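Colleague: One structure is given below, represented as structure tokens, and several questions about it will come after.
4 protein chains.
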Amino acid sequence: MQIGVIGAGDHDLTSDIIALAEQVGEGIATEGHLLICGGHSGVMEAACRGAKRAGGTTLGVLTGYDKSEGNEYLDIQLTTGIGHARNVIVASSADVLIAIGGSYGTLSEIAFANRLGTPVVGVRTWDAESDSGETLLMERVDDAEQAVKTAIFTKR
Amino acid sequence: MQIGVIGAGDHDLTSDIIALAEQVGEGIATEGHLLICGGHSGVMEAACRGAKRAGGTTLGVLTGYDKSEGNEYLDIQLTTGIGHARNVIVASSADVLIAIGGSYGTLSEIAFANRLGTPVVGVRTWDAESDSGETLLMERVDDAEQAVKTAIFTKR
Amino acid sequence: MQIGVIGAGDHDLTSDIIALAEQVGEGIATEGHLLICGGHSGVMEAACRGAKRAGGTTLGVLTGYDKSEGNEYLDIQLTTGIGHARNVIVASSADVLIAIGGSYGTLSEIAFANRLGTPVVGVRTWDAESDSGETLLMERVDDAEQAVKTAIFTKR
Amino acid sequence: MQIGVIGAGDHDLTSDIIALAEQVGEGIATEGHLLICGGHSGVMEAACRGAKRAGGTTLGVLTGYDKSEGNEYLDIQLTTGIGHARNVIVASSADVLIAIGGSYGTLSEIAFANRLGTPVVGVRTWDAESDSGETLLMERVDDAEQAVKTAIFTKR
Numbered sequence: 000m001q002i003g004v005i006g007a008g009d010h011d012l013t014s015d016i017i018a019l020a021e022q023v024g025e026g027i028a029t030e031g032h033l034l035i036c037g038g039h040s041g042v043m044e045a046a047c048r049g050a051k052r053a054g055g056t057t058l059g060v061l062t063g064y065d066k067s068e069g070n071e072y073l074d075i076q077l078t079t080g081i082g083h084a085r086n087v088i089v090a091s092s093a094d095v096l097i098a099i100g101g102s103y104g105t106l107s108e109i110a111f112a113n114r115l116g117t118p119v120v121g122v123r124t125w126d127a128e129s130d131s132g133e134t135l136l137m138e139r140v141d142d143a144e145q146a147v148k149t150a151i152f153t154k155r
Numbered sequence: 000m001q002i003g004v005i006g007a008g009d010h011d012l013t014s015d016i017i018a019l020a021e022q023v024g025e026g027i028a029t030e031g032h033l034l035i036c037g038g039h040s041g042v043m044e045a046a047c048r049g050a051k052r053a054g055g056t057t058l059g060v061l062t063g064y065d066k067s068e069g070n071e072y073l074d075i076q077l078t079t080g081i082g083h084a085r086n087v088i089v090a091s092s093a094d095v096l097i098a099i100g101g102s103y104g105t106l107s108e109i110a111f112a113n114r115l116g117t118p119v120v121g122v123r124t125w126d127a128e129s130d131s132g133e134t135l136l137m138e139r140v141d142d143a144e145q146a147v148k149t150a151i152f153t154k155r
Numbered sequence: 000m001q002i003g004v005i006g007a008g009d010h011d012l013t014s015d016i017i018a019l020a021e022q023v024g025e026g027i028a029t030e031g032h033l034l035i036c037g038g039h040s041g042v043m044e045a046a047c048r049g050a051k052r053a054g055g056t057t058l059g060v061l062t063g064y065d066k067s068e069g070n071e072y073l074d075i076q077l078t079t080g081i082g083h084a085r086n087v088i089v090a091s092s093a094d095v096l097i098a099i100g101g102s103y104g105t106l107s108e109i110a111f112a113n114r115l116g117t118p119v120v121g122v123r124t125w126d127a128e129s130d131s132g133e134t135l136l137m138e139r140v141d142d143a144e145q146a147v148k149t150a151i152f153t154k155r
Numbered sequence: 000m001q002i003g004v005i006g007a008g009d010h011d012l013t014s015d016i017i018a019l020a021e022q023v024g025e026g027i028a029t030e031g032h033l034l035i036c037g038g039h040s041g042v043m044e045a046a047c048r049g050a051k052r053a054g055g056t057t058l059g060v061l062t063g064y065d066k067s068e069g070n071e072y073l074d075i076q077l078t079t080g081i082g083h084a085r086n087v088i089v090a091s092s093a094d095v096l097i098a099i100g101g102s103y104g105t106l107s108e109i110a111f112a113n114r115l116g117t118p119v120v121g122v123r124t125w126d127a128e129s130d131s132g133e134t135l136l137m138e139r140v141d142d143a144e145q146a147v148k149t150a151i152f153t154k155r
């Protein structure tokens, strides 16, 4: 199973979010699944670090053409060169996405997942409502363990 | 100026939303600006119809390779073949976006615009908040006339 | 009709190639067609300059997110952010392509056009043959006037 | 190391080309490298079959959103939804490409690899020359064993 992890890429995240991402990555690897992400720092790097600690495999879908863009815990690096449009690839390729916190890039991935039918599990992430009453299609959980369990269970 | 119009592509929209989109398209054309959109039906088609009625120019950024995918009010058709990733092109190429209602695709475009710095004017569209308190960056207005005026004013 | 012009983007092209591109752009505009290109310098800029001199309309499909990347003769700028993958958009969106000289980027566009069924008219450009005997699908002409006439005639 | 294999996707290839692709895939796996390809049938499927027979790992970069598009020998499936533009991802993500035969899609990948600086090893594939004398940047070899050895040696 290919499990995607999405969240903010910047370095100044709270230690809570970083710990959560690491535990999610560790859980994905322990359960024997491939971790797919955007390959950058922040939540993505923390999840990959957790996955590698547990002996898992990680894949980063990068924005540019240069592998040095990826964090140091990636086993496989896809250099797409398509910029932020690579978010669609993460949202589509994952059998299920785990959203951890996140800013506008993460919101775009949740929206694409909802559009494409990829299930999403969210921890401390976006909430949204349209004027016509639509809301984000997402299973909301409280911690890393629930996130991984729910993700495996809600697989498309 | 290149003004983007985003919103749902399906045919069963309320007549209010359709009328709003037509008026927005008409306003963009009357003010002499190029209308950019995803080229499909629904809000996109209504906006293009309004723009053409006022003698404007319309450009559709399509998902596939076949121009027949576009609505009948497009002057220029870009067949990208990149699927939903074309949403990024609409969000990036517009000097300002006007969001009218919309579902998950529209939300992805607002999120990308917020990520890329493209100003967004919203009418009866999404509201969102992240766990860390971020909200959608958007000028909210009530009608088509305000939408067009605000869009021209808030240009990047 | 949307006519694409493809060719090298660097500045140190021969004056012959630059003159050819200008004449092609001028011809496209004189015949009342939209010129689509990659929006950069070199052949693209020369073609746009020729088109603007003749009162035409030009559209650049740029690689990045910043409009300043485009040459100064563009009326419409699509900032795709998808890098070299934008070559597919040029090859697909044009009703017919005119290839003028060109390096590897141009070859990728001819190959995509051949794959997608977009007719190609070539002036002093690539020649290729596969091991199984396939060759580039292209009408070869000798000057700008023939290029524009042939392009309009061979429209898909 | 990530080794890309490119070639035609149709089913009516000669048995020679299919055998060659299988041997190349087998060689890549035997040497412990990841095989990246477009994930379709033909040369891509044969290479993946060879790699799996030798216990290797295979990754397909698909054109659409549906994993059923991929051949049955893929371990990892990236569903990009970006159509033929996914050729750029294959050409960019591979540390080195092995081109086996191939039609216009393959030519686009060789051209992108040449543009981006990805080394290419070719067996019975395209030959091309531009008007200004440029040729395809490619190490040409005669069989699968040489192809794999040369690929590993010419790594960027």
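Residue numbers (numbering that gives the first Met the number 0), protein chains in the order written: chain A, 0 to 155; chain B, 0 to 155; chain C, 0 to 155; chain D, 0 to 155. Backbone N, C-alpha and C define an ideal beta-carbon position, used for all residues, glycine too. Every value quoted in this text rests on a predicted model; they were computed, and no experiment measured them.
(1) DSSP three-state label for Ala45(D), please.
(2) Tell me whether His10(B) is buried or exposed, calling it buried when 16 or more other Cβ atoms sit within 10 Å of its Cβ.
(3) Interface residues of chain B around Gly169(D) at Cβ under 8 angstroms?
(4) Can you tell me whether Asp94(B) is buried or exposed, with buried defined as 16 or more other CB within 10 angstroms of its CB?
(5) Could you work out which residues of chain B lie near Tyr64(D), taking near to mean beta carbons separated by less than 8 angstroms?
(6) When we look at the beta-carbon of Phe111(B) and count the other beta-carbons within 10 Å, is it buried (16 or more) or exposed?
(7) Identify the contact partners of Asp141(A) in chain B, using a Cβ-Cβ distance below 8 angstroms as the criterion.
(8) Taking Leu115(A) as part of the alpha helix (DSSP H), name the residues at either end of that continuous run.
(9) At which residues does the alpha helix (DSSP H) containing Asp15(A) begin and terminate?
(10) Need the endpoints of the alpha helix (DSSP H) that Glu144(B) sits in, please.
(11) Given that Thr124(A) touches chain B, what residues does it touch there, using C-beta distances under 8 angstroms?
(12) Taking only the alpha-carbon atoms, compute the straight-line gap between Asp74(C) and Ala127(B) and give it to the nearest angstrom.
(13) Which two residues bound the contiguous beta strand (DSSP E) that contains Arg85(A)?
(14) Around the C-beta of Gly54(D), are 16 or more other C-beta atoms found within 10 angstroms, so that it is buried, or is it exposed?
(15) Report the residues of the stretch 38-70 of chain C with a CB closer than 8 angstroms to any CB of chain B, ordered along the chain.
(16) Do Ala90(B) and Leu115(B) have their C-beta atoms within less than 8 angstroms of each other?
(17) Flag Val87(A) as yes if its beta-carbon sits less than 8 angstroms from any beta-carbon of chain D, otherwise no.
(18) Just the chain B side, please: which residues come within less than 8 angstroms of Leu96(C) by C-beta, in chain order?
(19) May I ask which residues mark the beginning and end of the beta strand (DSSP E) holding Ala53(C)?
(20) By a C-beta neighbour count over all protein chains shown, 10 Å radius and 16 as the cutoff for buried, is Gly31(D) buried or exposed?
(21) Have a look at the DSSP bridge pairing and note the partners of Ile99(B).
(22) Which same chain residues end up closer than 7 angstroms to Arg52(C) when comparing Cβ atoms and leaving out the 5 residues on each side of it in sequence?
(23) Roughly how many angstroms separate the alpha carbons of Phe152(C) and Arg123(C), rounded to a whole number?
(24) Is it a yes or a no for the stretch 4-21 of chain D touching the stretch 140-151 of chain C, going by three-plus beta-carbon pairs under 8 angstroms?
(25) So, using beta-carbon positions, are Ile16(B) and Leu96(B) closer together than 8 angstroms?
(26) Exposed or buried, Glu21(D), counting other C-beta atoms within 10 Å across all chains shown (16 or more means buried)?
(27) Whole angstroms is fine: what's the gap from Ala28(A)'s alpha carbon to Ala50(A)'s?
(28) When you compare each of Leu33(A), Tyr72(A), Leu19(A), Ala18(A) to Ile2(A) by their alpha carbons, which one comes out closest?
(29) In chain A, which residues lie less than 7 angstroms from Glu133(B) when you measure between Cβ atoms?
(30) Have a look at Asp130(B), Asp142(B), Arg48(B) and flag the residue whose alpha-carbon is nearest the alpha-carbon of Thr72(B).
Modeller: On the basis of the supplied data:
(1) Ala45(D) falls in the helix class under three-state DSSP.
(2) Looking at its Cβ environment, which holds fewer than 16 other Cβ atoms inside 10 Å, His10(B) is exposed.
(3) The structure shown does not extend to residue 169(D), since chain D is modelled only from 0 to 155, so the question has no answer here.
(4) Per the 10 Å Cβ criterion, buried.
(5) Ordered by position in chain B, the residues that pass the 8 angstroms Cβ test against Tyr64(D) are Gly82.
(6) Counting of Cβ neighbours within 10 angstroms places Phe111(B) among the buried residues, the total reaching 16 or more.
(7) Per Cβ cutoff of 8 angstroms: no residues; Asp141(A) is ~12 angstroms from chain B at best.
(8) First-last of the alpha helix (DSSP H) with Leu115(A): 103-115.
(9) Unbroken alpha helix (DSSP H) run through Asp15(A): 14-29.
(10) DSSP places Glu144(B) in the uninterrupted alpha helix (DSSP H) bounded by 143-152.
(11) The contact set of Thr124(A) on chain B, defined by CB atoms closer than 8 angstroms, consists of Ser129, Asp130 in chain order.
(12) Across the structure, Asp74(C) and Ala127(B) are spaced so that their CA atoms are roughly 35 angstroms apart.
(13) Judged by DSSP secondary structure, Arg85(A) falls outside any beta strand (DSSP E) and instead within the alpha helix (DSSP H) spanning 85-92.
(14) By the beta-carbon neighbour count (other beta carbons within 10 angstroms, threshold 16), Gly54(D) is exposed.
(15) Answer in chain order: Leu58, Val60, Tyr64.
(16) Closer than 8 angstroms, so yes.
(17) Closer than 8 angstroms: yes.
(18) Correct list: empty, because the minimum Cβ distance to chain B is about 13 angstroms.
(19) That residue, Ala53(C), is in no beta strand (DSSP E); it is neither H nor E in DSSP.
(20) Gly31(D) comes out exposed.
(21) Bridge partners of Ile99(B): Gly6(B), Val122(B).
(22) Here the set comprises Glu25.
(23) C-alpha of Phe152(C) to C-alpha of Arg123(C): approximately 19 angstroms in a straight line.
(24) Contact between the stretch 4-21 of chain D and the stretch 140-151 of chain C is absent: fewer than 3 CB-CB pairs across the two stretches fall below 8 angstroms.
(25) Result no, Cβ atoms of Ile16(B) and Leu96(B) do not sit closer than 8 angstroms.
(26) Buried is the label assigned to Glu21(D), since at least 16 other Cβ atoms lie within 10 Å of its Cβ.
(27) So the two alpha carbons sit approximately 5 angstroms from each other.
(28) When the alpha-carbon of Ile2(A) is set against those of Leu33(A), Tyr72(A), Leu19(A), Ala18(A), the nearest one is in Leu33(A).
(29) Per Cβ cutoff of 7 angstroms: Ser102.
(30) Before going further, note that residue 72(B) is Tyr rather than Thr in the sequence given. If we check each option's Cα against that of Tyr72(B), Arg48(B) comes out closest.
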